[in-house]
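A.B. asks: Below: one structure in structure tokens.
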Amino acid sequence: MDSVRSVYTTPSSLTYCDLPWIIQHREDRCTLCGRCTAVCPVNAIYLTYRRQRVPKLDVLKKKRGNEYRHFVGIRQHTSIEKKCIGCGMCSSVCPNEAIGPVPNTNEHRTVFHQNQKGEAWKRGGRRNKSGATILDRIAFDRISMLTDPALDAGRHEFSLNTILGRVLPPEEYLRRKAAGEWIPPTREIFPFIIGSMSFGALSPNMWLGLLQGVAYCNEVLGIPVVMATGEGGCPPWVLKSPFLKYIILQIASGYFGWDEIIRAIPEMQCDPAAIEIKYGQGAKPGDGGLLMWFKVSKLIARMRGVPEGVDLPSPPVHQTLYSIEESVMKMIQTLSMAFGFRVPVYPKISGSTSSKAVLNNLVRNPYAGGMLIDGIDGGTGAAYNVSMNATGHPIASNLRECYLDLVAQGRQNEIPLFAAGGIGKNGNVTQNGMALIMLGASGVHMGKYIMQSCAGCLGNEKGRCNVCNIGICPKGITSQNPKLYRRLDPDDVAQRVSEVFMAIRTEMKKIMAPLGRSQSLPIGMSDALGIDDADVADRLNIKYIC
Amino acid sequence: MCRLALKSSDTPFSPYEVLQAMEAMQEGYDGSGLGLLMRGVHFTDFNYEKDNQVILSGIAHTEEALSRLNGLMEARGFVQKYDHEFKVYPEMIEASDRFKYIVRVYKKPEGMSEADLEESLMQTRLFLRKDGEDHGGDLTVFSFWSDVVMIKEVGWPLAVGDALSLSDNRITARVVMAQGRQNTNYGINLYACHPFFIQGISTMTNGENTAFVPIKEWLEGKKIPGYTGYQSDSEVFTHILHYVTKKLKLPLQVYKHVITPLKSEELNNHPQGDFLQGLRVACRRLIIDGPNAVIGTLPDETSMLVMDAKKMRPASVGGKPGTWAIASEMCGVMAMVPDRDPAFDFQPMREHTVIIPPDRKELLIWTQFDPFTLPQAA
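Chains as they are written, first to last, in the numbering used here: chain A, 1 to 546; chain B, 1001 to 1378.
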């Protein structure tokens, strides 16, 4: 027997049972093929030779002894940078179901050590707060079955689209129409929008798959879905294609990719769906975009006009920002002008108690085409953990407050509000989206849900995976490494996009039909909402039900 | 469920005729109340002059309210010309707090422009309503306008007609709208009973308007005097008609385009598609969600009928030159104009607006697919 030697541990020494995910390996099933160790994105596991002492007693010779058996097995690293992320790729490649990560149900120690070398924890993903959200708990309770003939979601016609762009009050519309003056551009779009995820954050295959899917939704299924690019431009072939009309181009504080976009304007076959000016995002309010060097490949570097392999942290504010009035107004006006005043331009801000101040500013800006508020549950490709988890404002009350502010001014039709941040977080995408619409949103943006449902993203709110930032996405969704992103077939993504939007369309009808709504999207139909929490009901100005 | 009946005739007739048509439609109808509007009014006991006189309709629930009303009207300079005394049988009325049903004729104030007068009449009505509400609801005012009489009461419509002796021909009218239900969706309140009235425009509806709350919020946000109340989801139809014709000054055809706009693919082929698409966006909050049939009348005795876009609450119109009827049931039309040719009855589809013009010679049927005259868009 070996004695316990003096144990040397560092403060960050951990054992495998201190980690959030524990690899369970069944030696009896393992064929030692090595696929798991090869596929693991963080090298959490390794093949290793082990020695096992087998006590031996030779009865005839009355002699005790030891024999040593050698075997090969899979073991788990315990260093922070190699801790298992629970993605489960090992299980997916194992031919014998011999290996897989199991969540550590006890508390785990890594959170205390996720700042080695003084680097605060950066990750991709979402706010790690699991459980039902407020949106999940909202019920649609104003059922018109007996007071009126119920609608048939399967047979009646439904008008499900929304308007993106500045809407004039009717009196002003008539005046300008008669005078032949400029009418702000509007777009009739599907209210569920693929939220801004940049070409850079996403792999080329993912981006292509999304765009193919969006085009199919528009051109074959008749669902006018649009998708937003994040910061970082748009591939030139898309800019010059007829598909640009399905794309909301984002400009953010790093202005990445806008050289290409501006140069492409003369060659554009059509206008983009809209321009989104990012002032903030729900996952990391007050922080600029972040593309870590792992992902700045040759292609991305070219599109963004930067050298390869350098971190690309966008500044937290736009260079022009001196005051909100000046910056927002200037940018909105400049971008409107760049596209001949034919394209709606709207800002995206992070959910915040100051949202109403921005909104009131936009109400007075005749060029503002809407406002997108991104709540605290928004996801991102890369951010500091503390920003993601603890900074920001939940979307429901923020959106509701802004909407009611517009209602009080009688301008709820003029500046369409869009909501984002946690829509479909637990899979209830249509329910979440329609709840927000009935609270006053004209539409919702969703990113994580699309990655999960259309590309099989493995991330969740319990810290699973969450490595989008370092380009090792095991599914090839957020990687710029061809060896990884070739795992993702754009055609499969496109097919899933169309399936997802077909299902959302059906579920929208299934929600609207019992409420007796089919002629227009029930924006602000708060009388249809109830929640089993009196305080929330009071805050959102909806019914308390129990 | 609401039952609706409207009759329009060259010669004044008793409103009781319309109540009898309501009776014909009693199946599937809860008969919880009556709302009645008359235009082209004729009193046997008084020679009413439309151009010089206005009529106040309502209920004083107490003697005190009535005397307060007298004082308020006098203070506002309205000179009373005639006070119609209904022969009332109180025991036939469900409610007990009905001191007097008011139909009073006042001299039209002089020296005011048409617009100022319209504003003044509405403000007076709103003022009286507010005064009643401030005094525990002891005064209810339905309309204050030229040539319009309104009665609203809880109970079975025909019984209400009997209780007020409406069959005695002391009041007759050329246009009568009747609706037979209190708004039981939202609790009994006389103000929740159709038809609704604002500045000469009146509509009544059957069916539930499920888009009520967003529409109401938008109308209230316009801060236009008179866009208040909303004890019923159907009141917004009246205010939208008022908004489209009086505030936006658009032709009557546009009402239908506002409440039930055509789809984009239909508007793409419409001669005024560009204008209408923009209008649909600007008036997006006024899109109704039926099932509804909306029956309306205008100050010039024009009557109209439109359906919601799903047409799940049908209504029929029929008649003959000189006399026409609109009802939520075919049997209602039959009861009001029995001697017409039923082959010419018409049930509008989702795109139609049916108009009974003031000359009552023939029905006008507009469809949303047709162009209309629109000076602004030229």
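All C-beta atoms in this analysis are idealised placements derived from N, C-alpha and C, irrespective of residue type, glycine included.
Apart from the five residues just before and just after residue 403(A), which ones in its own chain have a Cβ nearer than 8 Å to its Cβ?
C.D. replies: Only 412, 417, 439, 440, 441 and 524 meet the Cβ criterion.
A.B. asks: Does the beta-carbon distance from residue 254(A) to residue 231(A) come in below 7 Å?
C.D. replies: Result yes, Cβ atoms of residue 254(A) and residue 231(A) sit closer than 7 Å.
A.B. asks: Using alpha carbons as the reference points, say which of 545(A), 527(A), 513(A) and 429(A) lies closest to residue 153(A).
C.D. replies: It is 513(A) whose Cα lies nearest to the Cα of residue 153(A).
A.B. asks: Taking just the CA atoms, how far does residue 350(A) sit from residue 444(A)?
C.D. replies: Rounded to whole angstroms, residue 444(A) to residue 350(A) spans 14 Å at the Cα level.
A.B. asks: My output table needs one value for residue 1212(B): the three-state DSSP class, helix, strand or coil.
C.D. replies: Three-state DSSP puts residue 1212(B) in a helix.
A.B. asks: Name the residue from 264(A), 498(A) and 178(A) whose alpha carbon lies nearest to the alpha carbon of residue 237(A).
C.D. replies: The residue with the shortest Cα to Cα distance from residue 237(A) is 264(A).
A.B. asks: Hey, how far is the Cα of residue 1280(B) from the Cα of residue 1261(B)?
C.D. replies: C-alpha separation (whole angstroms): 6 Å.
A.B. asks: So if I threshold CB-CB distances at 8 Å, which residues from the segment 1263 to 1286 of chain B count as touching chain A?
C.D. replies: Going along the segment 1263 to 1286 of chain B in chain order, one finds 1263, 1264, 1275, 1278, 1279, 1281, 1282, 1283, 1284 and 1285 with a Cβ nearer than 8 Å to chain A.
A.B. asks: Take residue 494(A) as the anchor and find which of 529(A), 8(A) and 227(A) has the nearest alpha-carbon.
C.D. replies: Closest by alpha carbon: 227(A).
A.B. asks: Cα-Cα, which of 363(A), 451(A), 216(A) and 409(A) is closest to residue 378(A)?
C.D. replies: That would be 451(A), whose Cα lies nearest to the Cα of residue 378(A).
A.B. asks: Classify residue 1378(B) as helix, strand or coil using the three-state DSSP reduction.
C.D. replies: Bear in mind that a pLDDT of 40 at residue 1378(B), under 50, signals an unreliable position, so the model cannot answer this.
A.B. asks: Show which residues of chain A have a CB atom less than 9 Å away from the CB atom of residue 1115(B).
C.D. replies: Going along chain A, no residue has its Cβ under 9 Å from residue 1115(B), so there is no contact; the nearest lies around 16 Å.
A.B. asks: In whole angstroms, give me the CA-to-CA distance for residue 192(A) and residue 215(A).
C.D. replies: Cα to Cα, residue 192(A) sits roughly 15 Å from residue 215(A).
A.B. asks: With DSSP collapsed to three states, give me the class of residue 34(A).
C.D. replies: Reduced to three states, the DSSP call for residue 34(A) is coil.
A.B. asks: Taking the DSSP output, what are the residues bridged to residue 199(A)?
C.D. replies: Per DSSP, 202(A).
A.B. asks: Would a check of beta-carbon distances place residue 1252(B) closer than 7 Å to chain A?
C.D. replies: It does not; no Cβ of chain A falls within 7 Å.
A.B. asks: So what does residue 276(A) bridge to, in DSSP terms?
C.D. replies: 250(A) and 346(A), per the DSSP bridge assignment.
A.B. asks: Name the DSSP bridge partner or partners of residue 1305(B)?
C.D. replies: In the DSSP output, where bridge partners are listed per residue, residue 1305(B) has 1295(B) and 1354(B).
A.B. asks: For the alpha helix (DSSP H) containing residue 393(A), list its first residue and its last residue.
C.D. replies: Where residue 393(A) is concerned, there is no enclosing alpha helix (DSSP H), given that its DSSP letter is neither H nor E.
A.B. asks: Using beta-carbon positions only, say whether residue 371(A) and residue 195(A) come within less than 7 Å of one another.
C.D. replies: Taking 7 Å as the Cβ cut-off, residue 371(A) and residue 195(A) do not qualify as a contacting pair.
A.B. asks: Buried or exposed, going by whether 16 or more other CB atoms sit within 10 Å of the CB of residue 1113(B)?
C.D. replies: So residue 1113(B) ends up on the exposed side.
A.B. asks: Cβ of residue 50(A) within 7 Å of Cβ of residue 71(A)?
C.D. replies: Closer than 7 Å, so yes.
A.B. asks: Give a yes or no on whether the C-beta atoms belonging to residue 291(A) and residue 433(A) are separated by under 7 Å.
C.D. replies: Their beta carbons are not under 7 Å apart, which means residue 291(A) does not touch residue 433(A) by this criterion.
A.B. asks: For residue 1346(B), list the residues DSSP reports as bridge partners.
C.D. replies: Note: residue 1346(B) sits in a beta bridge opposite 1317(B).
A.B. asks: Kindly list, in the order they appear in chain A, the residues whose Cβ is closer than 8 Å to that of residue 1248(B).
C.D. replies: Correct list: 170, 171 and 174.
A.B. asks: Which whole-angstrom value is the C-beta distance of residue 1055(B) and residue 1175(B), which I expect to be below 8 Å?
C.D. replies: The pair is not a contact, with the Cβ atoms about 14 Å apart (cut-off 8 Å).
A.B. asks: Taking the alpha carbon of residue 1050(B) as the reference point, which residue from 1169(B), 1352(B), 1374(B) and 1299(B) has its own alpha carbon closest?
C.D. replies: With distances taken between Cα atoms, residue 1050(B) lies closest to 1299(B).
A.B. asks: Taking the alpha-carbon positions, what's the residue 176(A) to residue 1117(B) distance?
C.D. replies: Distance between the alpha carbons of residue 176(A) and residue 1117(B) is about 30 Å.
A.B. asks: Within a Cβ cutoff of 7 Å, which residues of the same chain sit near residue 1251(B), ignoring the five residues on either side of it in sequence?
C.D. replies: Once the five neighbours on either side are set aside, the close Cβ partners of residue 1251(B) are 1372, 1373 and 1374.
A.B. asks: Mapping DSSP to helix, strand and coil, what is residue 1368(B)?
C.D. replies: Three-state DSSP puts residue 1368(B) in coil, outside helix and strand.
A.B. asks: Ignoring anything shorter than 4 residues or poking outside the segment 480 to 518 of chain A, list the alpha helix (DSSP H) runs there in chain order.
C.D. replies: Within the segment 480 to 518 of chain A, the complete alpha helix (DSSP H) runs of at least 4 residues are 482 to 485 and 490 to 512.
A.B. asks: Name the two residues that bound the continuous alpha helix (DSSP H) containing residue 258(A).
C.D. replies: Note, residue 258(A): alpha helix (DSSP H), 258 to 264.
A.B. asks: Identify each residue in the segment 1288 to 1300 of chain B for which the Cβ-Cβ distance to at least one residue of chain A is less than 8 Å, and report them in chain order.
C.D. replies: So the list reads 1288, 1289, 1290 and 1291, given in the order they occur along the chain.
A.B. asks: Which residues in the same chain as residue 80(A) place their Cβ atom closer than 8 Å to its Cβ, once the five residues preceding and following it in sequence are excluded?
C.D. replies: Contacts found: 12, 14, 110, 113, 114 and 116.
A.B. asks: Measure the CB-CB distance between residue 367(A) and residue 332(A) and report whether it falls below 7 Å.
C.D. replies: Result yes, Cβ atoms of residue 367(A) and residue 332(A) sit closer than 7 Å.
A.B. asks: Is it buried or exposed for residue 1208(B), if we count other Cβ within 10 angstroms and need 16 for buried?
C.D. replies: Answer is buried; the Cβ neighbour count reaches 16.
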